[in-house]
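Please read the structure below before turning to the comments.
2 protein chains.
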Amino acid sequence: MKTDEMGALPLANYTINDVAKQAGVSKATVSRYLNGHFERMSETTKARLKTVIADMHYVPNHNASALKSKRTHQIGVVVGDLANGYAPYLVKGIAAITQPLGVQILVAEGKTVAQERDVLLNLLSQNVDGIILQPRSPHAFDYQFLQDANVPVMLVDRLIAPLVFACVTSNDRQATNILAQAVLEKGYQQVLVIANPLAEASVRQERFDAWQNVGQKMNVPVTLLEVDDDEVDDLQTWLTRVHDQKAVIFAANGNLLLATLKWLQHHHITIPETVGLCGYDDWHFGGLAAPALTVVNQDLHQIGETVAKQLMTLIAGDDITICRTEIPADIHMRQSV
Amino acid sequence: MKTDEMGALPLANYTINDVAKQAGVSKATVSRYLNGHFERMSETTKARLKTVIADMHYVPNHNASALKSKRTHQIGVVVGDLANGYAPYLVKGIAAITQPLGVQILVAEGKTVAQERDVLLNLLSQNVDGIILQPRSPHAFDYQFLQDANVPVMLVDRLIAPLVFACVTSNDRQATNILAQAVLEKGYQQVLVIANPLAEASVRQERFDAWQNVGQKMNVPVTLLEVDDDEVDDLQTWLTRVHDQKAVIFAANGNLLLATLKWLQHHHITIPETVGLCGYDDWHFGGLAAPALTVVNQDLHQIGETVAKQLMTLIAGDDITICRTEIPADIHMRQSV
DNA sequence: GTGAAAGCGCTAACAC
DNA sequence: GTGTTAGCGCTTTCAC
Chain A
1 MKTDEMGALP
11 LANYTINDVA
21 KQAGVSKATV
31 SRYLNGHFER
41 MSETTKARLK
51 TVIADMHYVP
61 NHNASALKSK
71 RTHQIGVVVG
81 DLANGYAPYL
91 VKGIAAITQP
101 LGVQILVAEG
111 KTVAQERDVL
121 LNLLSQNVDG
131 IILQPRSPHA
141 FDYQFLQDAN
151 VPVMLVDRLI
161 APLVFACVTS
171 NDRQATNILA
181 QAVLEKGYQQ
191 VLVIANPLAE
201 ASVRQERFDA
211 WQNVGQKMNV
221 PVTLLEVDDD
231 EVDDLQTWLT
241 RVHDQKAVIF
251 AANGNLLLAT
261 LKWLQHHHIT
271 IPETVGLCGY
281 DDWHFGGLAA
291 PALTVVNQDL
301 HQIGETVAKQ
311 LMTLIAGDDI
321 TICRTEIPAD
331 IHMRQSV
Chain B
1 MKTDEMGALP
11 LANYTINDVA
21 KQAGVSKATV
31 SRYLNGHFER
41 MSETTKARLK
51 TVIADMHYVP
61 NHNASALKSK
71 RTHQIGVVVG
81 DLANGYAPYL
91 VKGIAAITQP
101 LGVQILVAEG
111 KTVAQERDVL
121 LNLLSQNVDG
131 IILQPRSPHA
141 FDYQFLQDAN
151 VPVMLVDRLI
161 APLVFACVTS
171 NDRQATNILA
181 QAVLEKGYQQ
191 VLVIANPLAE
201 ASVRQERFDA
211 WQNVGQKMNV
221 PVTLLEVDDD
231 EVDDLQTWLT
241 RVHDQKAVIF
251 AANGNLLLAT
261 LKWLQHHHIT
271 IPETVGLCGY
281 DDWHFGGLAA
291 PALTVVNQDL
301 HQIGETVAKQ
311 LMTLIAGDDI
321 TICRTEIPAD
331 IHMRQSV
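Those sequence lines, one after another, are chains A and B.
For the first sequence, position 124 (counting from the first letter as 1) is numbered 124 according to full-length UniProt numbering, and the numbering increases by one without interruption.
For the second sequence, position 150 (counting from the first letter as 1) is numbered 150 according to full-length UniProt numbering, and the numbering increases by one without interruption.
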C-alpha cells in the first residue's frame with residue numbers, strides 16, 4: 001500500500017490490515033476499536049487508532065463485515081408507489097429513526113404482487129437486516145417466503161390475514177367514524193364512497209364499514225363505487241341518480257380524492273353546493289383547494305417513526321407482540337362539505 | 001445441510017457449495033452459471049443447475065459476491081429533503097431505470113452540508129456502485145472526497161463549480177424566461193422573486209437572472225426577496241410598497257410557492273386581482289388551487305430516468321462528457337396571473 | 001467444459 | 001489488553 005506524504009489522500013482501498021500495520025497492532029484490535037469494544041483496551045491504543053484511522057481516511061468495508069457478522073445495517077422499505085403522496089412522508093419518518101443509527105434504507109416499489117415479490121427476494125439476497133412493507137396482498141400466504149427467510153418484517157398501512165407480522169397503521173375505523181358523523185350531521189341524504197377494490201386491503205374495508213355504520217345509524221344510504229385505476233368517470237351515474245338530494249362523496253384515499261376533485265372541477269360541478277366532498281390524505285394541500293377540503297389526515301411521519309422503531313427492536317433481537325399499532329389521524333373540517 | 005422432501009423450503013442459508021454438491025459440479029461452475037458465463041458450459045449442466053437452484057430456492061449472498069467482485073448493485077441517492085415534492089418523482093424516475101436492472105437504491109437525506117457528507121461517507125463505505133446527488137453545496141471542493149473515492153457520481157437539480165461531475169437539471173433559464181415573458185405581457189408593473197439564498201445554488205440564480213433580463217427588456221423592476229426557511233412574512237413590506245401597481249410574485253420553488261399561496265390566502269389577498277402569483281413546481285396540484293396556478297413544471301420523472309441512465313453508463317465503465325443535460329420543463333399558464 | 005485453490009476484508013473465538 | 005487464526009460465501013485465474 002502506498003504511503004502518502006501529500007496531504008489529503010484518497011479515501012481508498014485501505015484495509016484493516018493497513019491500519020493495523022500503521023498503528024503497530026493486530027487487526028483484531030482494530031476491529032475491536034471499530035466496533036466499539038473498548039472494554040479492556042488501553043487508552044493509548046485507543047488514542048493511537050483514532051489518529052491513525054483519521055490520518056489514513058480509512059473507511060471500513062461494509063461488505064466484508066456484513067459477510068462475517070451477518071449484519072448489513074441496511075433495511076428494505078417496499079411501498080406500492082413511490083410517487084404516491086404516502087411514500088415520501090413515510091420514508092422520511094423512517095429515515096428520522098434509522099439515519100442517526102447509521103442504518104441505510106433501500107427503497108423499492110412493488111406495483112404488483114409479482115413485482116413486490118421480486119423486489120423482496122432481491123432485498124433478501126442483499127441480506128437486509130429487516131424489511132418494512134406496505135403489502136400489496138392481504139393474504140399471509142403470499143408472504144410465506146418472508147417468514148421462512150426468518151428476517152424481521154414490519155407491515156405498514158395495510159394488514160395481512162392472519163396477522164403474522166406486526167403492523168402500524170392509522171386509526172382508520174375510528175377516524176373515519178368521526179369524520180362520517182360530523183359530515184352527516186350537516187344533513188346529507190346520500191353518500192358515495194369511492195375506493196379501490198375493498199378486498200385488496202382491509203383498511204379500505206374499515207373506512208367503508210365506518211361509513212356504513214354511521215349511515216345506518218343516521219338513516220342515510222351509503223353507496224360504494226369501487227374503481228381500479230383512479231378513473232372516477234362512473235360517478236356520473238350516481239350523481240344523476242341523486243341529483244335532487246343533498247349528497248356527499250368520500251374518497252377513500254389521497255389519489256382518489258384528487259381524481260375526484262379534478263373530475264368535479266372539470267365538469268363544473270360546484271362543491272359543496274351541488275355535491276359535498278371529503279376524503280383521506282390531502283398531503284398538505286387540501287387547504288389550498290377551492291374549496292378547502294374536509295379530510296382525514298394520517299400522521300405519516302409518526303407512522304414511519306413508529307414502524308422503524310419497532311423494526312429496530314426486532315432487529316435487536318427483542319420480541320414485540322404481533323399486533324396492530326394505530327397512530328391517531330387528524331381530522332380537518334373545512335369548506336368542502 | 002438438510003435435505004427437503006416437503007415442498008416449499010426455507011429460502012435459507014444454502015450456499016453455493018450446497019448447490020454445487022447437490023448438482024454434482026464444482027462451485028466454480030455454479031458461479032459461472034449465476035453470472036451468466038455460459039460461453040462453454042454444456043447444455044446439460046446448465047439445465048441441471050437451473051432445476052437444482054430452483055428446487056433449493058437458493059439465493060446467492062450479495063455481500064459475498066460484492067466483497068469479491070467489487071460490485072454491489074446498489075446506488076446511493078442523496079436528496080436535500082425526502083418529503084419535498086421534488087424527491088418522490090425523482091426517485092421514481094430513477095427506480096424506473098434501476099429496478100429492472102436489479103440495482104437497488106439507497107436513499108438518504110442530506111439536510112445540511114455536514115449531514116450530507118456523513119451520509120455520503122456512509123454510502124461509500126457500503127461500496128455503492130455509484131451515487132446520484134442533489135448537492136447542498138455549490139462548491140466542488142466540498143466534494144473532493146467523492147472525487148478521491150473514485151466512484152461514479154451524477155448530480156441532479158443543482159450544479160457545482162467547477163463542474164467536476166455530470167449533471168441533469170431542467171432548462172431553468174429558458175423555461176423561466178418564457179414564463180416571465182408571458183407573465184409580463186399581461187401588463188405587470190412590479191415583480192417580486194421569492195427564492196432561497198441564491199448563492200447556495202446556481203439554478204436559483206438562473207431563475208432570478210431570467211426575470212431580471214426579461215424585466216429589463218420590458219422595463220419592469222424586479223425585486224428579490226431571499227428567505228431562508230419558507231417563511232414569507234417579509235413580502236408584506238413589498239406588497240405595501242407596490243400596492244398601487246399591478247404586481248406579480250414569482251416563487252422560485254414549489255415549497256415557496258405553497259408557502260406564498262398559503263400566506264396570501266391567510267391574509268385574504270386576492271389572486272390575481274390584488275397580486276399575481278406564479279412559480280416553479282406545483283407537483284400536480286397547482287391546477288386545483290384557487291385560482292389555478294401558473295407555473296413551470298419540471299419533468300422530474302424524466303430527470304430521474306436520465307440521471308439514472310447516465311449513472312449506469314458511468315458504472316459500466318464508459319465515459320460520458322462532464323456536462324449539464326437539460327430536460328425541458330412544461331409551462332402551464334393558468335389563472336393566477 | 002470443468003475443477004482446485006487462493007483470496008476479497010472483515011469478525012470472533014480462543015489463546016496468551 | 002492484545003494477537004493468532006479460522007473462516008463468512010463468493011469470484012476468478014490457472015490447470016487439466
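Here a beta-carbon is modelled for each residue, glycine too, at the ideal position from N, C-alpha and C.
Inset, instruction - Report the three-state DSSP secondary structure of Gln-99/B (helix, strand or coil). - result: What you label residue 99/B is simply residue 99 of the second sequence in a count that begins at 1. It is helical.
Inset, instruction - Enumerate in chain order the residues of its own chain whose CB-to-CB distance from Tyr-143/A is below 6 angstroms, with the five nearest sequence positions on each side excluded. - result: In the first sequence, counting from the first residue as 1, residue 143/A sits at position 143. Cβ neighbours of Tyr-143/A beyond the five flanking positions: none.
Inset, instruction - Return the CA-CA distance between Ile-97/A and Val-307/A, expressed in angstroms with no decimal places. - result: Locating residue 97/A in the first sequence gives position 97, where the first residue counts as 1. Locating residue 307/A in the first sequence gives position 307, where the first residue counts as 1. Approximately 10 angstroms, taken between the alpha carbons.
Legend entry - Residues, ordered as in the chain, of the segment 82 to 111 of chain B that lie near chain A by beta-carbon distance below 7 angstroms: Leu-82, Ala-83, Ala-87, Pro-88, Tyr-89, Val-91, Lys-92, Ala-95, Gln-99, Gly-102, Gln-104, Ile-105, Leu-106, Val-107, Ala-108, Glu-109
Inset, instruction - Kindly identify the DSSP beta-bridge partner or partners of Gln-216/B. - result: The residue labelled residue 216/B in the question sits at position 216 within the second sequence. Gln-216/B is not bridged to any residue.
Legend entry - Under the three-state DSSP convention, the category Gly-141/A falls into: Taking the first sequence and counting its residues from 1, one reaches residue 141/A at position 141. What sits at residue 141/A in the sequence shown is Phe, not Gly. Correct three-state label for Phe-141/A: helix.
Legend entry - Cross-strand partners of Ser-202/A (DSSP beta bridge): In the first sequence, residue 202/A corresponds to position 202, counting from 1. The partner list for Ser-202/A (beta bridge, DSSP) is empty, contrary to what the question assumes.
Legend entry - Close-in-space but distant-in-sequence residues of the same chain around Val-337/B (CB under 8 angstroms, 5 per side omitted): The residue labelled residue 337/B in the question sits at position 337 within the second sequence. The residues Val-183, Lys-186, Tyr-188, Val-248, Pro-272, Gly-276, Leu-277, Cys-278, Thr-294, in chain order, have a CB closer than 8 angstroms to that of Val-337/B in the same chain once the five nearest residues on each side in sequence are set aside.
Inset, instruction - Might you give, ordered along the chain, the residues of its own chain that have their beta carbon closer than 6 angstroms to the beta carbon of Thr-176/B, omitting 5 neighbours on each side? - result: The residue labelled residue 176/B in the question sits at position 176 within the second sequence. The residues are Arg-207, Ala-210.
Legend entry - Members of the segment 289 to 321 of chain A that neighbour chain B once the beta carbon cut-off is set at 7 angstroms: Ala-289, Ala-290
Legend entry - Within the segment 217 to 283 of chain A, ranges of the beta strand (DSSP E) (whole runs, at least 3 residues): 222 to 226, 247 to 251, 275 to 280
Legend entry - Neighbourhood of Ala-8/B by C-beta, 7 angstroms cutoff - its chain only, sequence neighbours within 5 removed: Numbered from 1 along the second sequence, position 8 holds the residue referred to as residue 8/B. Annotation note: pLDDT 36 at Ala-8/B (below 50); position unreliable, coordinate value reported separately. None.
Inset, instruction - Could you tell me the boundaries of the alpha helix (DSSP H) in which Ala-161/B lies? - result: Here the question's residue 161/B lines up with position 161 in the second sequence. Premise fails: Ala-161/B is in no alpha helix (DSSP H) and is neither H nor E.
Legend entry - Length of the line joining the Cα atoms of Phe-285/B and His-266/B: Along the second sequence, one-based indexing puts residue 285/B at 285. Along the second sequence, one-based indexing puts residue 266/B at 266. The straight-line gap from Cα to Cα measures roughly 19 angstroms.
Inset, instruction - Throw me the rounded Cβ distance for the Ile-75/B and Gly-130/B pair, which I believe falls under 8 angstroms. - result: Stepping through the second sequence from its first residue, residue 75/B is reached at position 75. Stepping through the second sequence from its first residue, residue 130/B is reached at position 130. That pair is a contact at about 5 angstroms.
Legend entry - Distance CB(Lys-21/A)-CB(His-301/A) smaller than 9 angstroms: Here the question's residue 21/A lines up with position 21 in the first sequence. Here the question's residue 301/A lines up with position 301 in the first sequence. No Cβ-Cβ contact shorter than 9 angstroms links Lys-21/A with His-301/A.
Legend entry - Enclosing alpha helix (DSSP H) for Gln-19/A [first to last residue]: Position 19 of the first sequence, counted from the first residue, corresponds to residue 19/A. Per the sequence presented here, residue 19/A reads as Val, with Gln not at that position. Counting along the chain, the alpha helix (DSSP H) containing Val-19/A begins and ends at 16 to 23.
Inset, instruction - Could you have a look at Gly-85/B and say whether DSSP puts it in helix, strand or coil? - result: Your numbering for residue 85/B matches position 85 in the second sequence. Three-state DSSP puts Gly-85/B in coil, outside helix and strand.
Inset, instruction - Report back the beta-carbon spacing between His-73/A and Asn-127/B to the nearest angstrom; my notes put them in contact at under 8 angstroms. - result: Indexing the first sequence from 1 puts residue 73/A at position 73. Indexing the second sequence from 1 puts residue 127/B at position 127. So it is not a contact: roughly 13 angstroms between Cβ atoms.
Inset, instruction - Verify the CB distance criterion: does residue 346/B have a CB-CB separation below 9 angstroms to chain A? - result: Past the boundaries of the shown model lies residue 346/B; chain B is included only from 1 to 337, so the question cannot be answered.
Inset, instruction - Please look up how many angstroms separate the CB atoms of Ile-132/B and Val-156/B, rounded, as I've assumed it's under 8 angstroms. - result: As a first step, residue 132/B is located in the second sequence; it is residue number 132 there, counting from the start. As a first step, residue 156/B is located in the second sequence; it is residue number 156 there, counting from the start. The C-beta separation of Ile-132/B from Val-156/B comes to about 6 angstroms, placing the pair in contact by the 8 angstroms criterion.
Inset, instruction - Pull up the distance between the alpha-carbon of Asn-17/A and that of Asp-282/B, whole angstroms please. - result: Here the question's residue 17/A lines up with position 17 in the first sequence. Here the question's residue 282/B lines up with position 282 in the second sequence. Approximately 53 angstroms between the Cα atoms of the pair.
Legend entry - Cut-off 7 angstroms between Cβ atoms - residues of its own chain near residue 339/A, not counting five sequence neighbours on either side: Coverage of chain A is limited to positions 1 through 337, which leaves residue 339/A absent and any answer about it impossible.
Legend entry - DSSP beta-bridge partners of Leu-133/A: Position 133 of the first sequence, counted from the start, is the residue given in the question as residue 133/A. Answer is Val-78/A, Leu-155/A.
Legend entry - DSSP-derived helix/strand/coil call for Glu-326/A: Numbered from 1 along the first sequence, position 326 holds the residue referred to as residue 326/A. Strand, per DSSP.
Legend entry - Selection of the segment 243 to 273 of chain A by Cβ proximity to chain B, strictly under 9 angstroms: Within the segment 243 to 273 of chain A, the residues whose Cβ lies closer than 9 angstroms to some Cβ of chain B are Leu-258, Leu-261, Lys-262, Gln-265, listed in chain order.
Legend entry - Cutoff 9 angstroms: Val-119/B Cβ touching any chain A Cβ: For the purposes of this step, residue 119/B is taken as the residue at position 119 of the second sequence. It does; some Cβ of chain A falls within 9 angstroms.
Inset, instruction - Return no unless some Cβ of chain A is closer than 9 angstroms to the Cβ of Thr-72/B. - result: Within the second sequence, residue 72/B is the residue found at index 72, counting from 1. Interface residue, yes.
Inset, instruction - Quick one: which residues of the segment 137 to 149 of chain A get their C-beta closer than 8 angstroms to a C-beta of chain B? List them in chain order. - result: Gln-144, Phe-145, Asp-148, Ala-149
Legend entry - Residues bridged to His-332/B (per DSSP): Counting from one through the second sequence, the residue named residue 332/B turns up at place 332. The partner list for His-332/B (beta bridge, DSSP) reads Val-295/B.
Inset, instruction - On a CA-only basis, which of Tyr-58/A, Ala-161/A, Trp-238/A is nearest Thr-223/A? Give me that one, please. - result: Within the first sequence, residue 223/A is the residue found at index 223, counting from 1. When only C-alpha atoms are compared, the closest one is Trp-238/A.
Inset, instruction - List the DSSP bridge partners of Thr-169/B. - result: Numbered from its first residue, the second sequence carries residue 169/B at position 169. Bridge partners of Thr-169/B: Glu-326/B.
Inset, instruction - Determine the direct distance from the alpha carbon of Asp-228/A to that of Leu-121/A, and round the result to whole angstroms. - result: As a first step, residue 121/A must be located in the first sequence, where it is residue number 121. As a first step, residue 228/A must be located in the first sequence, where it is residue number 228. If I take the Cα positions, the gap works out to 27 angstroms.
Legend entry - For Gly-7/B, the three-state DSSP class (helix, strand or coil): Taking the first residue of the second sequence as 1, we reach residue 7/B at position 7. Note on Gly-7/B: pLDDT 33, under 50, position unreliable in the model; no value is reported.
Inset, instruction - State the Cα-Cα distance for the pair Ala-329/A and Thr-169/A, rounded to the nearest angstrom. - result: Here the question's residue 329/A lines up with position 329 in the first sequence. Here the question's residue 169/A lines up with position 169 in the first sequence. Ala-329/A and Thr-169/A have their alpha carbons spaced roughly 10 angstroms apart.
Inset, instruction - Kindly indicate the opening and closing residues of the beta strand (DSSP E) around Gln-190/A. - result: Working through the first sequence from its first residue, we reach residue 190/A at position 190. Element bounds for Gln-190/A: 190 to 195.
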